[in-house]
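Sequence lines, in order, name chains A and B.
Quick note on UniProt numbering: the first sequence kicks off at 1 and runs consecutively.
Quick note on UniProt numbering: the second sequence kicks off at 1 and runs consecutively.
Worksheet for the structure shown next.
Number of protein chains: 2
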Amino acid sequence: MAITDRRTVLQAAAALPLATAANAAFAQTPGGTAAAPAKPAPKDVTRELAHYIVTSSYDDLPANVRKEGVRTFLNWVGVAIGGSRHQTVDIAVAALTPFSGPAQASLFGRRERFDIMNAAFLNGVSSHIFDYDDTHLKTIIHPAGPVASAIIALSELQPVSGKDFLNALVLGVETECRIGNAVYPNHYDVGWHITGTAGVFGSAAAVGKLLKLNEQQMVWALGLAASQPVGLRESFGSMNKSFNPGRAASNGIFAAMLASKNFTSSDGMIEAKRGWANTISTKQDYNEILGDLGKRYEAALNTYKPFACGIVMHPAIDAAVQLRNENKLTADQIERVDLKVHPLVIELTGKKNIREGLEGKFSIYHAVAVALVEGAGGEKQFSDRAVKDPTIAALRAKVNPVVTPGIDAAQVDMTIVLKDGRQLHRYIEHAIGSIEKPMTDQQLEVKFTDLADGIIPAPMIRRVMDACWNVESLPNAAEIAKMSVSA
Amino acid sequence: MAITDRRTVLQAAAALPLATAANAAFAQTPGGTAAAPAKPAPKDVTRELAHYIVTSSYDDLPANVRKEGVRTFLNWVGVAIGGSRHQTVDIAVAALTPFSGPAQASLFGRRERFDIMNAAFLNGVSSHIFDYDDTHLKTIIHPAGPVASAIIALSELQPVSGKDFLNALVLGVETECRIGNAVYPNHYDVGWHITGTAGVFGSAAAVGKLLKLNEQQMVWALGLAASQPVGLRESFGSMNKSFNPGRAASNGIFAAMLASKNFTSSDGMIEAKRGWANTISTKQDYNEILGDLGKRYEAALNTYKPFACGIVMHPAIDAAVQLRNENKLTADQIERVDLKVHPLVIELTGKKNIREGLEGKFSIYHAVAVALVEGAGGEKQFSDRAVKDPTIAALRAKVNPVVTPGIDAAQVDMTIVLKDGRQLHRYIEHAIGSIEKPMTDQQLEVKFTDLADGIIPAPMIRRVMDACWNVESLPNAAEIAKMSVSA
């Protein structure tokens, strides 16, 4: 009887076509847990965010934000091209080809064309495969994937000026990172892949901006985005991880396109009692979403990885490359490499005996050895070729990481002992690529060139990079997609 | 410093391309909340479920389960046709037409054709618009929407025998309801629209079964489904509510199609420490997923609504229709209608002065009045026409609901006082459509006919119902979709 009552009571509210969140509350019973969020929801968070997105223009962007937006885009194009030949993309292309709509948009680094939703998904997957894309360090969101994948595809369907494109990119990144800030770290800690869950909002906001949605339509686009979070951390280590930013991109387009025809949602999907933030996180800081809109720019805090592996190894690679280049070191000179490291380095990258490229990404021994021999830590340095190289393999055995108190995960203390008795020392407080020591434009070009090498024609690599640097002057941002396909 | 450390530590795990859940755990810091689930995750929940799905066949289904599966499908076809002319579908069709792939599948009640993913979405939306579809009362999941929408579309792309179709439908419903049971009520109470979150699994399982995925591929399909939950309760009352079962259907196809080409996911996406159940719910009862597989069938517990409104009003409508028909009542005979009701009836359906059809769904006064005048509670009885009818409007003023202790939400005690002094009494313990008093096949046909009337040709209504009853004997279930389009 009590059971019957509970079932019917709950069903009563659920089954009501127009049950409001307030009404639904009546359906709660003592049996229900976690029914009520800690605090009453504030008003109009979704609407105020939507108002900002639909009213802000390119001319409102500070120079440093525009500059970082351009760097964000160039880095994204590089990783999207770089990942395009990976088996993950081959499989997804094969699976989706029978269902694709008109050939509206390009795949970076490939020749196939798909409708914009599928193209956004595939380019988003491609750009995340190497985990070599950009990072908003406060939330670990990889901001460009969900946003750039969506709007570059849209620009092939309807021309988008470079200025409008950059403004939409910044607004999309701003939206996803601010929403991510509001729920981070709880939301991430419990298991969500925040790039996919917050990313949908970024894609919907940026696409909606380019579709010129009005405020109400943007509210609905954000609401439909809130209804489609993507990704769990458990999938890390499988193709499912790069699936997440790709699906966030296509879900955001799906949301914005429906909203553009007045497909409705609730007006408070982000902040309502049973809206996104309360349902998906135990922390909600709405000031992170609305505070200093148009003044504080999360999009200006984006960072880029110089090395194609988890950043826990970046300080050591940075130190090794510096000492190698400054001293013109060769492997045969090296007696021993002593590393003082944070415990996480051993926990996450302690693989000593490795046989293939992917294992190299989990071996601090390999990362240091290959950096000393080749002076780099790109995708090529984590290939089967590099791992099987006898010189590098021999040097791996001479690398001695020692967990040392006082060394944090961003740091390393390296001492190279040479056979001639000399000792070379380097302490890294902030590795290259960190917010404190960002990659230079020139370093971004080296990374881009390394990724695109062999995928698009050499002369075209230079032209694509120039087009990215000059995106604001392009009549249509789509030119960059059209230039980035394989020969 | 602590902050920097936390960010980099967390990023380290997040950025590792192959970080496992175990590794990711090292990235947790005291700052992280809700990081650890209550219990250690059990082994192989996803795999054992996948094994069951890929190995069970039509011949394993008990007769009562097959019968309920057929009723589930017939009811779904009726609501899918019935909702097809709603503005919500018109808008979605207009928004998605430019992006649709080949015209692979039909829209019920309409003439357009879309690729199977978009068709599944649109039919899923159509079938939920009136909140008139089926209900698994233990979880409030509307099981057919996500599953039937997906596999009927697939059957138009690759022929599916009626027996295989019914088996896939039952397995899909079984999968979503068992996964729903594992996290209900906590998962629903906090704000998730469980039809969309559990429904993705049902669609992926059913589509994967028809694609003949092997066990590992089915594990991946369930993993990719886990990565795409859909829907928040805050959206109830907007078009976004019917969006959810539709998107669950298309997301499930997307997951299964990728898995069929060996797009990988984690092997433990349902049960792992940072898998679906721990991330999306504070309750996880894995025995609900794996217990008595192939013996206990949630699919046999499906129920269907006789009235096109929230079930809180169903007992009163049931009583009114019974007393009207037994006594050949006309409105002019009625002096007063006294109702003893549960508080929820007033809370959710207490609207007294109403002007349009939709408001009628929230007015116990209208529901009783129209049931007494027209002997029904279908979509037509909640139209503007019915609400504006003077006879019905006059009778609404004579309906007196009184909250009475001891009357639960499934019950009503109705006394009709006639002008000639007679009193007619009816106590309803379980309304028609409840699990204790299911709709008969004949009542399902009346509901179907009422929904399809005016949308598909009258003679075709009979033929479609016959085809549904005989689905197990059809060489290709797709025939039913082809018969159900508008003239």
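The C-beta atom is built at its ideal place from N, Cα and C for all residues, glycine as well.
| At least three beta-carbon pairs within less than 8 angstroms, the stretch 237–245 of chain A to the stretch 74–84 of chain B | no
| said: Can you check whether the C-beta of Asp60 of chain B is within less than 8 angstroms of a C-beta belonging to chain A? | reply: no
| query | Which first and last residues belong to the alpha helix (DSSP H) in which Lys67 of chain A is found? | reply | Ala63 to Gly82
| said: Along the chain, where does the alpha helix (DSSP H) containing Pro159 of chain A start, and where does it finish? | reply: Looking at the DSSP string, Pro159 of chain A is not in any alpha helix (DSSP H), and its letter there is neither H nor E.
| task | Measure from the C-beta of Pro30 of chain B to each C-beta in chain A and report whether the shortest distance is under 8 angstroms. | result | Unreliable placement is indicated for Pro30 of chain B, whose pLDDT of 32 sits below 50; no coordinate value is reported for it.
| query | On the three-state DSSP scale, how would you describe Phe114 of chain B? | reply | strand
| Regarding Gly223 of chain B and the ligand ATP, is the C-beta to nearest heavy atom distance less than 7 angstroms? | Within the structure as shown, the ligand ATP is missing, as the structure has no ligands at all.
| said: Using a Cβ-Cβ cutoff of less than 7 angstroms, which residues in the same chain neighbour Asp60 of chain A once the five nearest sequence positions on both sides are dropped? | reply: Gly294
| message | Check whether the stretch 256–264 of chain B and the stretch 214–227 of chain B are in contact - that is, three or more C-beta pairs closer than 8 angstroms. | response | yes
| message | Taking DSSP's pairing of strands, which residues face His425 of chain B in a bridge? | response | B:Thr415
| said: Just to make sure I have the definition right: I need the residues of chain A whose C-beta is within less than 8 angstroms of the C-beta of Arg274 of chain B. Which are they? | reply: Val190, Gly191, Leu232, Arg233 and Glu234
| request: Please list the partners that Gly223 of chain A has in chain B, where partner means a Cβ-to-Cβ separation under 7 angstroms. | output: Ser235 and Asn240
| Residue nearest to Glu436 of chain A in terms of C-alpha spacing, selected from A:Ile480, A:Gly199 and A:Thr303 | A:Thr303
| Which same chain residues, not among the five before or five after Leu348 of chain A, have their C-beta less than 8 angstroms away from its C-beta? | Gly310, Val312 and Phe362
| message | Residues in the same chain with beta-carbon distance under 7 angstroms from Asp267 of chain A, minus the five sequence neighbours each way, listed in chain order, please. | response | Thr46, Arg47 and Val219
| query | In the structure shown, what three-state DSSP assignment does Lys447 of chain A receive? | reply | helix
| task | Out of B:Gly202, B:Leu154 and B:Ala182, state which residue places its alpha-carbon closest to the alpha-carbon of Thr175 of chain B. | result | B:Gly202
| field | Ranges of the alpha helix (DSSP H) found wholly within the stretch 277–325 of chain A, counting only runs of at least 4 | value | 287–290
| message | I need the straight-line Cα distance from Asp332 of chain B to Ser57 of chain B, nearest angstrom please. | response | 57 angstroms
| said: Does Ile409 of chain B pass the burial test, meaning 16 or more other C-beta atoms within 10 Å, or should it be called exposed? | reply: Rather than Ile, the amino acid found at residue 409 of chain B in this sequence is Ala. When all chains shown are included, Ala409 of chain B counts as buried.
| request: Using a cut-off of 7 angstroms between C-beta atoms, extract the partners of Gly268 of chain B located in chain A. | output: Glu234
| task | Would you decide whether Asp164 of chain A is buried or exposed? Buried here means 16 or more other CB atoms lie within 10 Å of its CB. | result | buried
| request: Please decide whether Gln216 of chain B counts as near chain A, where near means a Cβ-Cβ distance under 8 angstroms. | output: no
| message | If I follow the unbroken beta strand (DSSP E) through Asn262 of chain A, where does it start and stop? | response | Unbroken run through Asn262 of chain A: none, as it is neither H nor E.
| request: For Thr195 of chain A, write down the residues that DSSP places opposite it in a beta bridge. | output: Answer by DSSP bridge pairing: none, since Thr195 of chain A is not bridged.
| said: Would you call the stretch 381–390 of chain A in contact with the stretch 350–361 of chain A, where contact means no fewer than 3 C-beta pairs closer than 8 angstroms? | reply: yes
| Sorted by chain position, which residues of the same chain lie with C-beta nearer than 6 angstroms to Val160 of chain B's C-beta, five sequence neighbours on each side aside? | Leu210 and Ala477
| query | Listing by chain order, which chain A residues have their CB less than 8 angstroms from the CB of Pro229 of chain B? | reply | Pro229
| Would you say Gly82 of chain B reaches chain A, if we count a Cβ-Cβ gap shorter than 8 angstroms as a contact? | no
| message | According to DSSP, Arg463 of chain A sits in a beta bridge with which residue or residues? | response | Looking at the DSSP assignment, Arg463 of chain A forms no beta bridge with any residue, so it has no partner.
| task | Kindly indicate which three-state DSSP category Glu356 of chain B falls into: helix, strand or coil? | result | coil
| message | Counting only C-beta atoms, is Gly124 of chain A closer than 8 angstroms to chain B at any point? | response | no
| query | Three or more C-beta pairs closer than 8 angstroms, one from the stretch 110–125 of chain B and one from the stretch 141–157 of chain B: is that the case here? | reply | yes
| request: Output yes if chain A places a C-beta closer than 8 angstroms to the C-beta of Lys261 of chain B; else output no. | output: yes
| said: Can you pull the chain B neighbours of Ser100 of chain A, defined as C-beta to C-beta under 7 angstroms? | reply: Gly101
| query | Going by alpha carbons, who is nearest to Leu395 of chain A out of A:Val368, A:Val345 and A:Pro146? | reply | A:Val368
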